[in-house]
Amino acid sequence: MGSNPSTLRDILSLAKVMVSASITFTTFTGYVVVSGRLDTRLFITLFGVLLMAAGASALNHFQERKTDRLMTRTADRPIPSGRMSPPLVFLVGLAWLVLGATILLIFTGWIVVLLGVFNAAWYNLVYTPLKKTSVYALFAGTITGVVPLFMGIAAAGGNMASHQAVYIGFFMLIWQIPHFLILLLKYGKEYEQAGLASITARLSIPRIIRIAYLWMVACCTATLFLPLFGLLHHSQTGYAILLISTLVFVFISFAVYKRNEIDQFRIPFILTNIMQAGFMVCLVLDSLI
7 MGSNPSTLRD ILSLAKVMVS ASITFTTFTG YVVVSGRLDT RLFITLFGVL
57 LMAAGASALN HFQERKTDRL MTRTADRPIP SGRMSPPLVF LVGLAWLVLG
107 ATILLIFTGW IVVLLGVFNA AWYNLVYTPL KKTSVYALFA GTITGVVPLF
157 MGIAAAGGNM ASHQAVYIGF FMLIWQIPHF LILLLKYGKE YEQAGLASIT
207 ARLSIPRIIR IAYLWMVACC TATLFLPLFG LLHHSQTGYA ILLISTLVFV
257 FISFAVYKRN EIDQFRIPFI LTNIMQAGFM VCLVLDSLI
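Note that this note's numbering has the sequence shown beginning at 7, numbered continuously upward.
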């Protein structure tokens, strides 16, 4: 007897599978950049991180069940749709979180576990409540995207305070700001209707786009400093990152100064996400070759 497609879809929804996968890939990048290899410890680490990310995401579903009912994009989630009860979602999230932490404790050590617990606590106890009261919650949210990098570095036995680690973490942090801003541009009105703080209530769309543009330019510029941190072993990798950053810069500049509308800004936004993914992929490939 096959799995119920609706049940599987709800499980993936609870885990926020795309977000959890992105977090896991960030850990993957940190581990490989330090170790330069793919090994059993890496894949166990990734499994533990994925479970913890999924657990934190499920707990977030539980936390935001009331506001989720008020927004079109979240009204069909498992709890507001009535397909899963809040206590069940809470228990599933807690189970994933504990299982992931246990795996990491056994196979990677307490430092990685502490980082994971901190990240889950920050996401669920700081960032999520802050979304209701402050338009600046997005800055707090960037922390949760950076910590997984250091989990990978720690799991590989690397120095989390090294200039290479700090540089990659800095890039990951500033990339998330325009990412969050564009999401707020898209869903800001729904946030307002649900009683959540949204920057769209304070600033016009063109102004938010220009702010996002400046942060995107900062991301492109940050990639130029990559060779200074001793992270590249092959010149081809540097050329690839430079090409991606240049193309993204050209497209986003054209979008802002010739269009200045969110509809025409989506493609450059996608390209910026590709730049972030390309940056990490290039670092991984450079470390493995």
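Note that CB positions come from ideal geometry on N, CA and C, so glycine has one too.
Output yes or no for whether 9 Å exceeds the beta carbon distance between Leu-20 and Gly-99.
yes
Can you tell me where the alpha helix (DSSP H) holding Thr-35 begins and where it ends?
23-41
Please report how far the alpha carbon of Ile-297 lies from the alpha carbon of Thr-278, in whole angstroms.
Residue 297 is absent from the structure shown; the chain starts at 7 and stops at 295.
Would you mind sorting Leu-249 into buried or exposed? The rule is 16 or more other CB atoms within 10 Å of its CB.
exposed
Return helix, strand or coil for His-185, following the three-state DSSP convention.
helix
Between the segment 103-119 and the segment 70-81, do three or more beta carbon pairs fall short of 8 Å?
no
Among Ile-215, Leu-190, Leu-253, Leu-209, which one has its Cα closest to the Cα of Thr-229?
Leu-253
Residues near Met-136 in its chain [Cβ-Cβ closer than 6 Å; skip 5 each side]:
Checking the displayed sequence, the identity of residue 136 turns out to be Leu instead of Met. Cβ within range, chain order: Ala-143, Ala-146.
When you compare the segment 50-69 with the segment 12-26, are there three or more beta-carbon pairs, one atom per stretch, that lie closer than 8 Å?
yes
By the three-class DSSP mapping on this structure, what secondary structure does Tyr-142 have?
coil
Could you tell me the alpha carbon to alpha carbon distance between Met-77 and Tyr-193, rounded to whole angstroms?
9 Å
With DSSP as the reference, label Gly-201 as helix, strand or coil.
coil
Three-state secondary structure (DSSP) of Ser-168:
coil
How big is the Cα-Cα spacing for Gln-170 and Leu-237?
7 Å
How many angstroms separate the CA atom of Gly-8 from the CA atom of Leu-14?
The pLDDT assigned to Gly-8 is 48, lower than 50, so where the model puts this residue is not dependable, and the model offers no usable value.
Classification of Asp-292 by the beta-carbon crowding that lies within 10 angstroms, buried from 16 upward:
buried
Cutoff 8 Å; reference Ile-324; Cβ partners in own chain excluding five residues on either side:
Here the chain covers residues 7 to 295 and nothing more, so residue 324 does not appear.
Tell whether a beta-carbon distance below 9 Å holds between Ser-41 and Gly-122.
no
Cβ pair Arg-79, Glu-198 closer than 9 Å
no
DSSP state of Lys-192, grouped into three classes?
helix
Alpha helix (DSSP H) containing Ser-63: first to last residue?
46-69
Extent of the continuous alpha helix (DSSP H) run through Val-95:
92-113
Indicate the three-state DSSP secondary structure (helix, strand or coil) for Lys-72 in the structure shown.
helix
Taking the alpha carbon of Tyr-219 as the point to measure from, which residue in Leu-48, Ile-183, Ile-112 has its own alpha carbon closest?
Ile-183
Nearest-angstrom Cβ-Cβ length linking Phe-177 and Phe-285, presumed shorter than 8 Å
7 Å
Using the C-alpha atoms, what's the distance from Leu-191 back to Asp-16?
27 Å
Give the DSSP-derived three-state secondary structure of Ile-85 in the structure shown.
coil
In whole angstroms, what separates the C-alpha of Leu-232 from that of Thr-243?
10 Å
Pro-212: which of Met-281, Ala-107, Ala-261 sits nearest, CA to CA?
Ala-261
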